[in-house]
Each structure stands twice: as structure tokens, then as C-alpha cells.
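Chemist: This structure is in C-alpha cells; I'll ask about it shortly.
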Amino acid sequence: MRRSLHLKLVLIMVLLIVSLMVVVGAFLMNSVTGYYINDFYSQTAAAFGQDNVDFVRDLQTAGEDEEDGAAMVEAVLSTYSGVLGVDRRHRNFYVLDGATGRYLAGSAPEPEGGMPITPNIATALLGTPGFDSSVTADYMDAAIPIVRGGQNYIVYILDNRETARALNAEMFSLIVEALVLGLVISILLSFLLSKTMVNPLQRLTDGIEEVARGDFSRKLEVTSGDEIGQLTESFNAMALQLESTIADLEQEEQKRKDFVANVSHELRTPLTNIKSYAETLADGLGDLPPEMAQRFLGVILNESDRMTHILQDLLTLSRFDSGRSELRLTRFPFAKAVDDTYQAILMDAQNHAHTVELRLPDWLPQVRADRERIMQVMMNIVSNAIKYTPDGGRIVLSAGIAGDKVWMEVDDNGIGIPPADRDRIFERFYRVDKARSRQSGGTGLGLSIAQEIMLRHDGRLYLVDKTEPGLTIRMELPIQGPREEAGHEG
Ligand code: ADP
Numbered sequence: 222m223r224r225s226l227h228l229k230l231v232l233i234m235v236l237l238i239v240s241l242m243v244v245v246g247a248f249l250m251n252s253v254t255g256y257y258i259n260d261f262y263s264q265t266a267a268a269f270g271q272d273n274v275d276f277v278r279d280l281q282t283a284g285e286d287e288e289d290g291a292a293m294v295e296a297v298l299s300t301y302s303g304v305l306g307v308d309r310r311h312r313n314f315y316v317l318d319g320a321t322g323r324y325l326a327g328s329a330p331e332p333e334g335g336m337p338i339t340p341n342i343a344t345a346l347l348g349t350p351g352f353d354s355s356v357t358a359d360y361m362d363a364a365i366p367i368v369r370g371g372q373n374y375i376v377y378i379l380d381n382r383e384t385a386r387a388l389n390a391e392m393f394s395l396i397v398e399a400l401v402l403g404l405v406i407s408i409l410l411s412f413l414l415s416k417t418m419v420n421p422l423q424r425l426t427d428g429i430e431e432v433a434r435g436d437f438s439r440k441l442e443v444t445s446g447d448e449i450g451q452l453t454e455s456f457n458a459m460a461l462q463l464e465s466t467i468a469d470l471e472q473e474e475q476k477r478k479d480f481v482a483n484v485s486h487e488l489r490t491p492l493t494n495i496k497s498y499a500e501t502l503a504d505g506l507g508d509l510p511p512e513m514a515q516r517f518l519g520v521i522l523n524e525s526d527r528m529t530h531i532l533q534d535l536l537t538l539s540r541f542d543s544g545r546s547e548l549r550l551t552r553f554p555f556a557k558a559v560d561d562t563y564q565a566i567l568m569d570a571q572n573h574a575h576t577v578e579l580r581l582p583d584w585l586p587q588v589r590a591d592r593e594r595i596m597q598v599m600m601n602i603v604s605n606a607i608k609y610t611p612d613g614g615r616i617v618l619s620a621g622i623a624g625d626k627v628w629m630e631v632d633d634n635g636i637g638i639p640p641a642d643r644d645r646i647f648e649r650f651y652r653v654d655k656a657r658s659r660q661s662g663g664t665g666l667g668l669s670i671a672q673e674i675m676l677r678h679d680g681r682l683y684l685v686d687k688t689e690p691g692l693t694i695r696m697e698l699p700i701q702g703p704r705e706e707a708g709h710e711g
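Position in the sequence shown counted from 1, then plus 221, gives you the numbering used here.
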């Protein structure tokens, strides 16, 4: 990875520098040529313009009895060669015949093979000055027709553009030098850049490989605030999220396994009992005293009931889990429900010599909830108080309103729950004392179901802290019912 990214960086840099130099070079060299052409024509035009009346007059005015007009024109041009920029090396002037364009005189001898008739000379032969030049031609010239002593001449100025070419060549070698220097610098820079980019990427790759191998422990160090830094941060966040998701999944999986094990265990115990009692009955049929057979049958019936209970509770929970259980929401007086619960358990409580106290305020509102389910929760927590309080205990049922919620609290002075177990009693099948719970017909599912019902109502079921012995458990219910319609108004 390191090599390919580095190569790409170098390539990008090289391409950048080369294209930059080519564009700048072409632009500069073109400008130089353009500047020279412009300069030449403006200089020539100025020489023959309004500002140099003397020069033009000297050119056109023939002396008395002048014999060789061309030589005189040449002499005038020689005098003014500074104005025309004639250096006799790259730029020369010529005096041509106005009718044929033939060479008559000049600052340089006639070129070999005669003076070529350029487009500008052709224009001058027609009587108008020729001042045109193309950028691509390797010379620039101007041809101005003049009349002297009745004779037609053409003053022809020719520049071979050598100066511009020399300057361009100079510039070209400068640009090449700059290019080479730029390339060296860019290659060095790309090393540096690739180091600052590739190293964190390499670290990131290592980290990803570790995560792929299942090791989430290493957090990558974020060394910069740029995109790579952000990527590293995102990667760390993702690894953290992944770690917790996997932990959650593992926990869920463990819960599921425990649940299946619990269900099997809970069902196996009554089944074993039923089987052994039924076997004894079958083996000793006729020999067993009738009371004993009666007792055995009682046990079998009891155990069957227990199994039915467990299966019913499991079915209820499974309906909640799959969202198939709908709440039948109705409006009913909350105080009445509490009172009904109180009346329902009174007999059972008295059988255990418990004193049960009911504390209701003067007024409680109607609530919108599934009455049957809410009664199920109330019954469950009050029966627990009766079950887990030694005979002769004291149980207080109170209810009230707090904000937009109503609540019911059940307080007992029974065996309570050890601090270590308090968080777990809402878990499925969790029981502090398995034997005691089973003896009293408990399945360990009651509070899980109760809590599920309260959550469905957007309510709560929780343990209240208390210092005295026993347990206080409290349910809270929103008066207006669950926000999301879970069922239909009945
Ligand atoms: P169970 O059918 O065993 O009563 P629950 O889900 O109703 O199942 O209760 C779970 C466990 O919580 C019980 O087994 C018991 O250990 C504990 N528990 C519930 N209520 C009380 C209480 N009032 N006092 C002491 N322990 C309680």
C-alpha cells in the first residue's frame, strides 16, 4: 500500500509541475514574440508618423540635380537608423524600386537570389504601406512607399526576429531548469507527504486487522484533526460500538440459553414428580392404602397445575415478546382497582394472620389502561407480599397521584430481598429462594410479566429503598394511558 500511494503522490506532483511549467512557458514565450512584433510595428509606424516630419520630409525632398535618389534615401535612413531600431545585424533597411520591388540600396547587401517579394512589399508596390506580420513567420517586415524627385521608392525594413528567438531560448532553458528543480522538490515533498499520510493509514489498517481478528482492546491514537484523524476517530467509535454490540449479543445469547435451561429445569421437576408418583401408584395398585393413593393423586394434580401455570406464564411472556398481545384500554377508576385487589387478597392474608392496611386518598382519577392486566400486576405484588412475609406480618397497600401518574405501593415487613438480588428479581425465573418460591406455587415469572405489562403502559414497576426489614414495591401508571396506542378502547 505504501509504495502505490507514494507512487501516486509522486505522479500527481510531477504532472502538476510539468503541466504548470508547460502552460507558463508557452504563455511567456508567446507573449515575448507578441511584444517584439508590436514593438517593431509601433516603432516603425512612429518613425513615419506625425512626430517625425523632418525624417519624412528628408526622405521625400530630392536635392537639386539629384542623380542617385536611392543612395540619398539610404543616406537619410542611415541617419535615422536609431529611430528605426536598425542595428544592421538583426534589423536592416533597404531601398527598393517602387515599381518592381528590386533592390536598389540598403544597410545590408542584397540577399542572395534577389529580394523576395513579401506580402508587405506587394502591398507597398500597390501604393499603400504594408505593416502586417504573422506570429508564425520567422521574420517581421514593413514596406512604406515614398515618392522622391518624381521617382517611386519603397523603404523596406526587415527584422529576422533573432532577438526574440534568443530571448525565448534563454527563457526556455530557464523554464527547464525550474522544472528540474521543481521536480526534485516535489519528489522530496511527496516523500514527506506520503509519510504523514501513509503512516496513519498503515496504523489504521493494522487496527482494522486487529478488530477483524476480534480484538477490540486497542484504541488508535488520533494524531491530527484532518480527514485521516476523523477517519481514525470514526474507526475508534465504530470499534467501540461493535464491541458493545457484540457484548450485548453475547449477553442476549447467554440469557436465551439460561432461559431455555430454566424452562427445561422448571418443567422437569414437576414431570419427574408426576412420573415417580404415578409409577408408585401403578406398581402398588391395590396394595396401597387408599389415603396414601389419594395423597399421591393429589401431588400429581398439584404438579400438573404447576406445569399448566408455568406454561401459561411462558405463553403470556412470549405473546409480549412477539408483540402479539394487545392491551384492551378502557377508562376505569384506579382507586376501585386497588380496593378490588385488597378485597381479593384479604381472605388469603387473614389465613396467614397478616394485618393488611389500605390507605387511599379521598380522590383518585380514572385511568386509561387494560384493567385486567393492571389487576394482574396488583395481585401479583400483593400476593408476593403475603407469600414472602412470615405469618402474622403487616402489609400496607397505599395509592396516590403524582403529576400525570397514579401509583400503588405495597409495603411488607417480610423477609425482604438481599441487596445483591434486588436488581435481578424482574428477570425471568429469578427467585431469591427457589425452594420457598416453588413451595408456594411461584414460577419466578410473575414479576417479569408484571414489569412487561407496566412497560407496555408506559409505566414503571420498581423497588423502593427502605431501611426497615421487608420490601416496598411500587407501580406507576400514566393517567392518560400509553402514548402509543397499543390496543383499542374497549
Ligand atoms: P415467584 O413466582 O417466585 O413469586 P415473582 O417473579 O413474583 O416469582 O418474584 C420473583 C422473586 O422475587 C421471588 O421468587 C422472591 O424471591 C422475590 N420476591 C418477590 N416479592 C417479594 C417480597 N414481597 N418479599 C421478598 N421477596 C420477594
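We put the CB at the ideal spot given by N, CA and C, even for glycine. Predicted, not measured: the structure shown is a model, and the values here were computed from it.
With a threshold of 7 Å on Cβ separation, who are the neighbours of Glu464 within its own chain once the five nearest residues in sequence on each side are excluded?
Modeler: Cβ within range, chain order: Phe437.
Chemist: What residue range does the alpha helix (DSSP H) around Met675 cover?
Modeler: Where Met675 is concerned, the enclosing alpha helix (DSSP H) stretches over Gly667 to Arg677.
Chemist: How about Ile396 and Met293: do their beta carbons lie closer than 8 Å?
Modeler: Going by C-beta atoms, Ile396 is not nearer than 8 Å to Met293.
Chemist: Report whether the distance from the Cβ of Gly663 to the nearest heavy atom of the ligand ADP is below 7 Å.
Modeler: At least one heavy atom of the ligand ADP is nearer than 7 Å to the Cβ of Gly663, so yes.
Chemist: For a minimum of 3 consecutive residues, which ranges assigned as the beta strand (DSSP E) are wholly contained in the region 559-593?
Modeler: Runs of the beta strand (DSSP E) inside the region 559-593: 576-580 and 587-590.
Chemist: In chain order, what residues of the same chain have a beta carbon less than 8 Å from the beta carbon of Ile724, not counting five sequence neighbours either side?
Modeler: The shown model of the chain, from 222 to 711, leaves out residue 724, and the question about it has no answer.
Chemist: Is it the case that the region 375-386 contacts the region 299-319, given that we only count it when at least three CB pairs across the two stretches are under 8 Å?
Modeler: Contact between the region 299-319 and the region 375-386 is present, because at least three Cβ pairs lie under 8 Å.
Chemist: Between Leu668, Leu579, Gly270 and Met392, which has its C-alpha nearest Met247's C-alpha?
Modeler: It is Ala, not Met, that sits at residue 247 in the sequence shown. The shortest C-alpha separation from Ala247 is found at Met392.
Chemist: Can you name, in chain order, every residue of its own chain whose Cβ lies under 6 Å from the Cβ of Asn389, other than the five neighbours on each side?
Modeler: Counting only Cβ-Cβ distances below 6 Å, and skipping sequence neighbours, we find Met250 and Val253.
Chemist: Just how far apart, CA to CA, sit Leu506 and Glu512?
Modeler: Approximately 13 Å, taken between the alpha carbons.
Chemist: Taking only three categories from DSSP, how would you classify His709?
Modeler: With a pLDDT of 48 at His709, under the threshold of 50, the modelled position of that residue is not reliable, and the figure given next carries that caveat. His709: strand per DSSP, three-state reduction.
Chemist: Measuring only the C-alpha atoms, how far is Arg477 from Asp542?
Modeler: Their backbone Cα atoms lie some 13 Å apart in a straight line.
Chemist: Whole angstroms are fine: how far does the CA of Val432 sit from the CA of Ala460?
Modeler: Rounded to whole angstroms, Ala460 to Val432 spans 7 Å at the Cα level.
Chemist: Taking 8 Å as the cut-off, decide whether the C-beta atoms of Leu581 and Asp560 are in contact.
Modeler: Yes. Within cutoff.
Chemist: Going by CA-CA distance only, name the one from Ala590, Ala345 and Pro640 that's closest to Gly680.
Modeler: Among Ala590, Ala345 and Pro640, the Cα nearest to that of Gly680 belongs to Ala590.
Chemist: For Asp362, count the other beta carbons within 10 Å of its own beta carbon; 16 or more makes it buried, fewer makes it exposed. Which is it?
Modeler: Asp362 comes out buried.
Chemist: Using 8 Å for Cβ pairs, my map puts Leu325 next to Ala291. What's the rounded Cβ distance?
Modeler: Contact flag correct, Cβ pair sits at about 4 Å.
Chemist: Could you have a look at Glu512 and say whether DSSP puts it in helix, strand or coil?
Modeler: Note: Glu512 maps to helix in three-state DSSP.
Chemist: State the CB to CB distance for the pair Ala345 and Pro332, rounded to an integer number of angstroms; the pair is presumed to be in contact (CB under 8 Å).
Modeler: At roughly 17 Å, the Cβ-Cβ gap does not stay under 8 Å, so Ala345 and Pro332 are not in contact.
Chemist: In whole angstroms, what is the alpha-carbon distance linking Pro350 and Asn341?
Modeler: Looking at the two C-alpha atoms, the distance is approximately 7 Å.
Chemist: Quick check: the Cα distance between Arg489 and Ala623, rounded to an integer number of angstroms?
Modeler: So the alpha carbons of these two residues sit roughly 45 Å apart.
Chemist: Does any heavy atom of the ligand ADP sit closer than 7 Å to the C-beta of Asp654?
Modeler: The answer is yes for Asp654.
Chemist: May I ask you to verify whether the region 483-499 touches the region 449-460, counting CB pairs closer than 8 Å and requiring at least 3?
Modeler: They do not touch, by the three-pair rule.
Chemist: Buried or exposed: where does Thr265 fall if 16 or more other Cβ atoms within 10 Å of its Cβ makes it buried?
Modeler: Under this definition Thr265 is a buried residue.
Chemist: Assign Gly450 to one of three DSSP states: helix, strand, or coil.
Modeler: Looking at Gly450 - three-state DSSP - the assignment turns out to be helix.
Chemist: Ends of the alpha helix (DSSP H) at Ser354?
Modeler: It is not in any alpha helix (DSSP H) - Ser354 carries neither H nor E in the DSSP assignment.
Chemist: Would you kindly work out how many angstroms separate the C-alpha atoms of Ser604 and Ile566, rounded to a whole number?
Modeler: Going from the Cα of Ser604 to the Cα of Ile566 covers about 7 Å.
Chemist: How about Ile670 and Asp534: do their beta carbons lie closer than 8 Å?
Modeler: Contact flag set, yes.
Chemist: Measuring alpha carbon to alpha carbon, tell me which residue in Arg695, Leu682 and His678 is nearest Glu547.
Modeler: The shortest C-alpha separation from Glu547 is found at His678.
Chemist: Just to confirm, is the Cβ distance from Met675 to Met629 under 8 Å?
Modeler: No, they are not a contact pair.
Chemist: Three or more C-beta pairs closer than 8 Å, one from the region 562-578 and one from the region 520-532: is that the case here?
Modeler: Verdict: no, contact absent.
Chemist: Can you name, in chain order, every residue of its own chain whose Cβ lies under 8 Å from the Cβ of Ala641, other than the five neighbours on each side?
Modeler: Cβ within range, chain order: n/a, list empty.
Chemist: Between which two residues does the beta strand (DSSP E) holding Gly626 run?
Modeler: The residue you asked about is not Gly; residue 626 is Lys in the sequence shown. Note, Lys626: beta strand (DSSP E), Lys626 to Asp633.
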